[in-house]
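In mature numbering (1 follows the signal peptide of the UniProt record, and there is no 0), the protein residues as written are -17 to -1, 1 to 153.
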């Protein structure tokens, strides 16, 4: 019985490998240093810096005097939060909201040539809403915004990782 289980397990290993499944490994960036250009107190940029430093061998620079030394410059073009009413009840009260987080950025070299042109990433979540639970819904909304921010930061790290050439486009 144990021999049969072992043989079945060994026979299934090639099937898993054939499906293309692969764990996401460490990230290799085409550039060795990146200057984060934006508000120094931005929670978004602080989280991006943490993710980039954890991702691998990239040197993240925040001091404006080091901007010219960086191979690439990440320009934070801003983040925007939106709330859109999705549905109302018969009395006209809001019952469902869609919250959105939109982040805009670009990556360039010190001369202005682009690695990643102006880009916009958006995440959204739909939440139910009741006036009687306004405080708890505000807390839930803030938690969802933090979650969306983390998702966008991870997408940005993946986008920076797919830049294969250190030759920017004009």
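Idealized CB from N, CA, C, for every residue including glycine. None of these values were measured; they are calculated from a predicted model.
Put simply, the stretch 22 to 39 touches the stretch 129 to 136. At least three CB pairs are less than 8 angstroms apart. Here the C-alpha atom of residue 100 lies approximately 15 angstroms from the C-alpha atom of residue 147. Within 10 angstroms of the beta-carbon of residue 84 lie 16 or more other beta-carbons, which makes it buried.
For the stretch 27 to 102, the continuous beta strand (DSSP E) assignments of 3+ residues that do not extend past its boundaries occur at 42 to 44, 55 to 71 and 77 to 91, in sequence order. The stretch 8 to 24 and the stretch 57 to 76 touch, with three or more beta-carbon pairs separated by less than 8 angstroms. If you draw a straight line from the Cα of residue 65 to the Cα of residue -14, it is about 57 angstroms long. In the structure shown, residue 25 adopts coil according to DSSP, grouped into three states.
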